[in-house]
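Colleague: Residue numbers (my numbering), protein chains in the order written: chain A, 13 to 333; chain B, 13 to 157; chain C, 493 to 623; chain D, 192 to 853.
Before I ask anything, let me first share the structure, which is written out below as structure tokens.
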Amino acid sequence: MQRLIDRMKELLADGTVVRVLGWKKGDLGYNPEPHFFNSAEELDDFIYDGFCGANLSKYMIKGSNLEGKTLILLKPCDTYSFNQLLKEHRVLRDKVYIIGVGCKGKLDIEKIKAQGIKGITSVKGAEISGKCDELTVETVYGEKKVAYKDAMLERCHVCKGKEHKIYDELLLDSTDTCDGDRFTDVDIIEGLTPEEKFEYFRKELSKCIRCNACRNVCPACSCRKCVFDSNKFDSEQKANVDPFEESMFHIIRAFHVAGRCTDCGECSRVCPQGIPLHLFNRKFIKDINEYYGEYIAGEDAETKGPLTDYTLVDLEPGERR
Amino acid sequence: MSINQEFKPKIVAFCCNWCSYAGADLAGGSRLSYPADVKIIRVPCSCRVNPMFILRAFERGADGVIICGCHPGDCHYSTGNYYARRRMTLLFSMLDYLGIERERTRVEWVSAAEGVKFSTTMNEFVSAVRELGPNRRLGDLRCKD
Amino acid sequence: MSSTNSKTAAAKIAEISGTNPLKCMKCGKCSASCPAFEKMDIKPHQFVSYVVNEDIEALAKCESLWYCLSCFACVERCPRDVKPGKIVDAARQTVVRQKGGNYLSANEIPALIDDDVPQQLLVSAFRKFRR
Amino acid sequence: MNGIGVFVCHCGSNIAATVDVKKVVEMAKLEPGVVHAEEYQYMCSEAGQERIAKAIREKNLSGVVVCSCSPRMHETTFRKCAEKAGLNPYMVEIANLREQCSWVHKDINEGTEKAVILTRAAIAKVSLNTSLVAGESGVTKRALVIGGGIAGIQTALDIADAGYEVDIVEKTPSIGGKMAQLDKTFPTLDCSACILTPKMVDAAAHEKINIYSYSEVEKVSGFVGDFTVDIRKKARYVDMNKCTGCGACMEKCPSKKALSEFNSGLNNRPAIYTPFAQAIPNVPVIDPSQCLKLKNDKCGLCARVCQAGAIDYKQEDEIVTRKYGAIVVATGFEVIKLDNYDEYAYSQSKDVITSLELERIMNAAGPTKGHLERLSDGKAPKNIVFIQCVGSRCADNKGKSYCSKICCMYTAKHAILIRDKYPDVNVTVFYIDVRTPGKNFDEFYRRAVEEYGVNYVKGQVGKVTPEPNGKLTVHGVDLLDNKQLKVEADMVVLAAAIEPSPEVRNIATMLTASIDTNNFITEAHPKLRPVESPTAGVFLSGVCQGPKDIPETVSQAGAAAVKVIGLLAKDKLLTNPCTAKADELLCNGCSACANVCPYGAISYEDKLINDHGIRKTHRVAVVNSALCQGCGACTVACPSGVMDLQGFSNRQIIAEVDAICR
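Given below as structure tokens:
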């Protein structure tokens, strides 16, 4: 990580960039947060480790409006989001210098807690320079060991690969973490009866408190004003009264990002209620792949998205291929 | 669920102005009957139908929503129904995924000359929805008595 | 044969041949192309209309079935993709199947071959008689 | 909001028989915003309209709902009525109680209940209507005609005669097109050149017509009334202003190996050439693939013999950019390639020819000076066989699915001409059907049989075999005799299918005009708007729209011209006000809307936006209302609902949904 910090300072010093968009140490040692660093001194608080799951690309919408060039750190999966934003003209390429940083899988503190570990004070073994195979969790009750893989975010188990799709330079090594199929859960749900499907989603969605964290973190949900905040459809934000309110919100949210969602998994990561929101997005991704051919949003910044495109022989609604 | 003959479903039909709305007019002109449960909303093109409209209809208690447009290749705006086809394919698949029966949503291409098709489509669709019974999974309870 | 029977028989032929006889525009290119035309009692283009008119009984009895060389010139040249040769072939199949056996069994063939038999004949013979 | 008036029409008993109109009026009065409701026998009648107008004036209505027949029938009527009474015409909504209610339902209770709901939905919508004013755009008073065949020439002449400027863009060195290649025309047998060349001269001499020959359309932008077109004038290597058309260069040119396009490749032409003697403009071009000077800097003979000093080997392509109010596509046709029809031996024998080649052979200016002779040995043929429908009416993947329409007639023409000039030549025509709809057409065909003794045989030919003695054996069938025929022929003429010119695809894309699976340009309506393309301001003339003979082409050319004149006669075009509109304040500038717009109506601008006092420059979508046709594809592509369709807005449709589901 020192290499990274040195390089960032170098770029600040030679005037290539005037600020750094990276992760800042949190108060607990396992909750870093996105931050604009405006000077080399501020970088003392910089961190990049296994807990830096946050996708920084969306912050570049703001960054593109700031004076001067911003240095942004993008993990391989973040570059897809960045490309997508570039395609939609939401970020400006000439306002940014991209360092593609390596990734060995990102961690989910909830997964550690879910193993019955309480009173966590700090976690060791999440350093990016380390081997990333075992974590040592310090708790008020003593030290606990957790396999790195068992604490990884769901999305890292179905990682798209450790190749950066856009960058100016690359730093730090990656380790492949993919050991699952991202459509397994979608397949399972598809196999249920309508009653079972409905019950499953009712149970999950009834947890929703409409905090909008999923929307606010989503790099595809970049509208200057969300439909759910405007009166464009007579659909302004309001308190949930019935079960369908959340369904409507989540269906529309997923539909609006369909063909644009890079499956970065941020929605599920930030949901305070632990709703598996990625299951909505992945359903659309799976359908798009099946019906209109493999498509990976954000693989480049040019290809037309599947919902703004068509062929003469597309599948009819309700038909299955 | 037993078939309830008394059950009068609320059906919203979005029809494009150039083909399907004209097809519905032709069905009328030819006195081809279909259930009065069907209420048509005129839109310029099937591509004007926003998923928001469909979900809103369900939220407000519709039991079925059908979208009718020109046959692919015949769109008055040349490409509108191709976009509609993709959007609706994905949306309906999602609704299915959430446990909302496929029979409650439908897309049908009806030309201005297909009065008969319009009427048979509506008859079929309404009876399919009747068979399912009232939509309980989507409605906004506040709208109910 | 009752009318329902002939209807099924006609449908069967359409199914086996995989062609749609209604596409025929009666141009006669099949008959113009047919090397066995003279020997045939029902001409290739007529075969198609017999199927359309569901007169399969006549087809089953006709000589043409056995004079068709299965050279498939008509199939190749038919501008409407009706493929009369396939229809003849299908009609032949229905007859062969009904008789419950093949015209030749594979074991009988070696004895019948001499050096003058062109290979194409063998191939088309198999196509005709062995399914 | 002053209040909504609801007007329920009985339509005699058409509505009133199955809908209790009084009940509808009663229920309408209970709806919020409704200040007036009444029923009447016939709302569309003058008296009915007067009632609406009176209510608008007296109650100062802000919105009108007419519960009557389909809006496709009387929406315009009621809009005009409202406008006359001082209400914006777009403040009128129709509830379709006839076609979609009373005519399809029999039970009066059911019908009334539905009528009330439909009325409610219309009231809900109209309360959100906004006054719309049709926009205006200017008209450039000049037309572009793409293609200089008979279709293009006729269209150009008709437009020019009405006093408007016309430019013709022709890809070959001369206008004239396929008609110039023909010898005689059916069914009158007058000489094609004799009727065409005067038109070509008229076009060239017309002060309103400007011909860009040897040029191609490179780029089209803009919209109806205001197209901007880039035309590539290909390098001619001859100065149009200096050349006198003396022809000395062509005579002296030593490179004479190129096949003459005009003579269907049956003889040769020099590297510097005009396609034919009456070419317009009568200025040669140098074919750079043949010219020795341009290829390896040798020769230069033409420059030396040219007394006008017109030869310019350094000439380069030139791009001209011009503005037009209307564009006519008249790109014409080509004869299909016969590669898929090897059974007819076209590639094996010089004596198997296409009908267009026969035209050149029969023509006095053609490769044989008009003598009917075999191309293989120059001998006079004794037996000629014509084969119809080669590549037409096919359901396989080798040919065209359509009937090429002109072949039956030109074959009858050829047969008559041959039998007339060479009575000892036997002519056999193998046909599938003889199709002769048209004035004096069937009579013409019958004359071929009855007066000229042409032997018509029903049955398609299976194959043609060239014999060692130079003859051709035609393996045919006579379906009426049920006999196979072998006809010995000296010459076989194939009536090959015609297809749209290959460049039409590219042109259609540039014009955003759609083409069908056969590459014919789609008309706006097959019956009612046959000479217009769905793209406003783009018109169709000739075979680019579908197979046609000369009389039909000329009529269509005239019709296209009338449409163009009707457009150019206007100083301003009123645009459909129901167009898309983006809320600049909130637009993301993400391009989703532009990606789905079929008309290229959406562009992006970096605009200074005043967001509640905060000024910022944003990339925002801007809709060109002259181009937008109001389909609404963009409104759904827009995730934030910022793009909305006027007249069918999100909130209006949601209001209708709510009213129906209430």
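For every residue, glycine included, the Cβ atom is placed at its ideal position computed from N, Cα and C.
The structure presented is a predicted model; accordingly, all values stated were derived computationally and were not measured.
From Thr132 (chain B) to Glu301 (chain D), what does the alpha carbon distance come to, in whole angstroms?
Modeller: Going by the C-alpha atoms only, they are around 19 Å apart.
Colleague: So Ser517 (chain D) is in the beta strand (DSSP E); what residue range does that whole segment cover?
Modeller: According to the sequence displayed, residue 517 (chain D) carries Ala and not Ser. That run of the beta strand (DSSP E) goes Ala517 to Val520.
Colleague: Measure the alpha-carbon distance for Ala34 (chain B) versus Ala325 (chain D) and round it to whole angstroms.
Modeller: Distance between the alpha carbons of Ala34 (chain B) and Ala325 (chain D) is about 25 Å.
Colleague: Do Val833 (chain D) and Asp774 (chain D) count as a contact pair if the criterion is CB distance below 8 Å?
Modeller: Closer than 8 Å, so yes.
Colleague: Look up Arg54 (chain B) in the DSSP assignment and give the residues it is bridged to.
Modeller: In the DSSP output, where bridge partners are listed per residue, Arg54 (chain B) has B:Cys27.
Colleague: So what's Pro318 (chain A) in DSSP terms, helix, strand or just coil?
Modeller: Reduced to three states, the DSSP call for Pro318 (chain A) is helix.
Colleague: List the residues of chain A whose Cβ lies closer than 7 Å to the Cβ of Arg198 (chain B), in chain order.
Modeller: Since the first residue of chain B shown is 13 and the last is 157, residue 198 (chain B) is not available in this structure.
Colleague: Let's test the definition: count the other Cβ atoms within 10 Å of the Cβ of Asp607 (chain C) and tell me whether it reaches 16, buried, or not, exposed.
Modeller: So Asp607 (chain C) counts as exposed.
Colleague: Between which two residues does the beta strand (DSSP E) carrying Arg423 (chain D) extend?
Modeller: Its beta strand (DSSP E) spans residues Asp417 to Lys424.
Colleague: Taking beta-carbon pairs under 7 Å, can you tell me which members of the segment 53-87 of chain A lie near chain D?
Modeller: Residues passing the 7 Å Cβ filter: none.
Colleague: List, in chain order, every chain A residue whose beta-carbon is nearer than 7 Å to that of Pro63 (chain B).
Modeller: The contacting residues are Ile264 and Phe267.
Colleague: Pull up the CB-CB distance for Leu86 (chain A) and Gly112 (chain A), whole angstroms please, since I reckon it's below 8 Å.
Modeller: At roughly 6 Å, the Cβ-Cβ gap stays under 8 Å, so Leu86 (chain A) and Gly112 (chain A) are in contact.
Colleague: In chain order, what are the residue ranges of uninterrupted alpha helix (DSSP H) at least 4 long that sit wholly in the segment 443-506 of chain D?
Modeller: Runs of the alpha helix (DSSP H) inside the segment 443-506 of chain D: 483-487 and 492-496.
Colleague: Of the choices D:Pro768, D:Ala536 and D:Cys493, whose alpha-carbon is the least far from that of Leu323 (chain D)?
Modeller: Selected option, being the one with the closest Cα: D:Pro768.
Colleague: Looking at the structure shown, is Pro527 (chain C) part of a helix, part of a strand, or coil, going by DSSP?
Modeller: Pro527 (chain C): coil per DSSP, three-state reduction.
Colleague: Should Gly577 (chain C) be flagged as near chain D, meaning a C-beta pair shorter than 8 Å?
Modeller: False, the Cβ-Cβ gap to chain D never drops below 8 Å.
Colleague: From which residue to which residue does the beta strand (DSSP E) around Pro206 (chain A) run?
Modeller: Here Pro206 (chain A) belongs to no beta strand (DSSP E); instead the alpha helix (DSSP H) covers Pro206 to Leu217.
Colleague: Taking Cβ-Cβ distances shorter than 9 Å, what residues in chain A pair up with Arg842 (chain D)?
Modeller: Here the neighbours are Asn243, Lys244, Phe245 and Asp246.
Colleague: Can a CB atom of chain C be found closer than 8 Å to the CB of Gln651 (chain D)?
Modeller: Chain C, which has a Cβ nearer than 8 Å to the Cβ of Gln651 (chain D), makes this yes.
Colleague: For a contact defined as C-beta to C-beta under 8 Å, what are the partners of Leu663 (chain D) on chain C?
Modeller: Neighbours of Leu663 (chain D) on chain C: none; closest Cβ ~15 Å, over 8 Å.
Colleague: Tell me the start and end of each unbroken beta strand (DSSP E) in the segment 753-801 of chain D that is at least 3 residues and wholly inside, in chain order.
Modeller: Taking only runs of at least 3 residues, the beta strand (DSSP E) segments lying wholly in the segment 753-801 of chain D are 763-765 and 771-773.
Colleague: Residues in the same chain with beta-carbon distance under 6 Å from Ala39 (chain B), minus the five sequence neighbours each way, listed in chain order, please.
Modeller: Taken in chain order, the residues that qualify are Gly127, Phe130 and Ser131.
Colleague: What residues of chain G sit near Ser525 (chain C), judged by a beta carbon separation below 8 Å?
Modeller: Note that chain G does not occur in the displayed structure, where the protein chains are A, B, C and D.
Colleague: Rounding to the nearest angstrom, what Cα-Cα distance links Asp478 (chain D) and Lys489 (chain D) in this structure?
Modeller: Looking at the two C-alpha atoms, the distance is approximately 15 Å.
Colleague: Would you check if there are 3 or more beta carbon pairs closer than 8 Å linking the segment 565-585 of chain D to the segment 525-543 of chain D?
Modeller: Result yes; three or more Cβ-Cβ pairs closer than 8 Å.
Colleague: Tell me the DSSP secondary structure of Tyr355 (chain D) in three-state form.
Modeller: Coil.
Colleague: Let me check understanding here. Comparing Cα to Cα, which of D:Met370, D:Lys589, D:Cys258 and D:Gly194 lies closest to Glu249 (chain D)?
Modeller: Closest by alpha carbon: D:Gly194.
Colleague: Any beta carbon from chain A within less than 8 Å of Ile845 (chain D)'s own beta carbon?
Modeller: Answer yes: the Cβ-Cβ gap between Ile845 (chain D) and chain A drops below 8 Å somewhere.
Colleague: Under the three-state reduction of DSSP, which class applies to Met153 (chain D): helix, strand or coil?
Modeller: This structure cannot speak to residue 153 (chain D), because chain D is shown only from 192 to 853.
Colleague: Hey, is Lys237 (chain A)'s beta-carbon within less than 8 Å of any beta-carbon in chain D?
Modeller: Yes, Lys237 (chain A) lies at the interface with chain D (some Cβ there is under 8 Å from its Cβ).
Colleague: Could you pull the DSSP bridge partners for His47 (chain A) from this structure?
Modeller: For His47 (chain A), which the question treats as bridged, DSSP gives the partners A:Gly34.
Colleague: Please report the Cβ distance between Val256 (chain D) and Ala286 (chain D), rounded to the nearest whole angstrom; I am assuming they are in contact, meaning their Cβ atoms lie under 8 Å.
Modeller: The pair is a contact, with the Cβ atoms about 6 Å apart (cut-off 8 Å).
Colleague: Specify the secondary structure class of Pro691 (chain D) as computed by DSSP and reduced to three states.
Modeller: Reduced to three states, the DSSP call for Pro691 (chain D) is strand.
Colleague: Assuming Pro691 (chain D) and Thr559 (chain D) are in contact, meaning their beta carbons sit under 8 Å apart, how far apart are those beta carbons, in whole angstroms?
Modeller: Actually they do not touch by this definition, with Cβ atoms about 30 Å apart.
Colleague: What residue range is occupied by the uninterrupted beta strand (DSSP E) comprising Phe524 (chain D)?
Modeller: Phe524 to Val526 is the extent of the beta strand (DSSP E) around Phe524 (chain D).
Colleague: What does the alpha-carbon distance come out to for the pair Cys115 (chain A) and Lys74 (chain A)?
Modeller: About 25 Å.
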